[in-house]
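Single-structure report; data block below.
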Amino acid sequence: ENGCPWNEEACALAAIGGRLKVLKWARANGCPWDEDTCTYAARGGQLEVLKWLRENGCPWSVGTCAAAADGGHLDVLKWARENGAPWDEHTRRIAASFEGYVEA
């Protein structure tokens, strides 16, 4: 009504900013999401948001781990990998550069 997009981008922007209340409200009111929502949460280092997204069925992709690694968010990367997030060779190389990161 007021020009704010009501699409996947709205959820992604709430996720990157750690706006969990906004994200919950958007979803309760029919706003769609996609794997970019998890990617944006990871890029913003928003671990609690990412956990909520996954608990509520939001899909993820290799972009989730890549965004966490590119942003230096080791805690997010570790959690994502421990919970089955896919990754690729580029992200493995970035993760290998983090002191103390060991893939189990």
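The numbers in the working numbering rise by one with no breaks, and the one at position 43 of the sequence shown is 44.
Cβ coordinates follow ideal geometry from the N, Cα and C atoms, glycine included.
Select from the options the residue whose C-alpha is nearest the C-alpha of residue i.
{"i": "alanine 69", "options": "Gln47, Glu9 and Glu90", "result": "Gln47"}
{"i": "threonine 40", "options": "Cys32, Val23, Lys22 and Cys59", "result": "Cys59"}
{"i": "glycine 137", "options": "Leu54, Ala96 and Phe99", "result": "With the chain covering only 2 through 105, there is no way to say anything about residue 137."}
{"i": "threonine 38", "options": "Glu49, Leu14 and Asn30", "result": "Leu14"}
{"i": "isoleucine 17", "options": "Cys32, Arg44, Trp7 and Ser62", "result": "Arg44"}
Which two residues bound the contiguous alpha helix (DSSP H) that contains residue i?
{"i": "tryptophan 26", "result": "21-29"}
{"i": "cysteine 12", "result": "9-17"}
Return the CA-CA distance between residue i and residue j, expressed in angstroms with no decimal places.
{"i": "alanine 67", "j": "tryptophan 26", "result": "27 angstroms"}
{"i": "proline 87", "j": "glutamate 10", "result": "22 angstroms"}
{"i": "glutamate 36", "j": "histidine 74", "result": "18 angstroms"}
{"i": "tryptophan 34", "j": "leucine 78", "result": "21 angstroms"}
Beta carbon of residue i, beta carbon of residue j: below 8 angstroms?
{"i": "cysteine 32", "j": "tryptophan 61", "result": "no"}
Mind pulling the alpha helix (DSSP H) runs of 4 or more residues that sit fully within the segment 39-87? 48-56, 63-71 and 75-83
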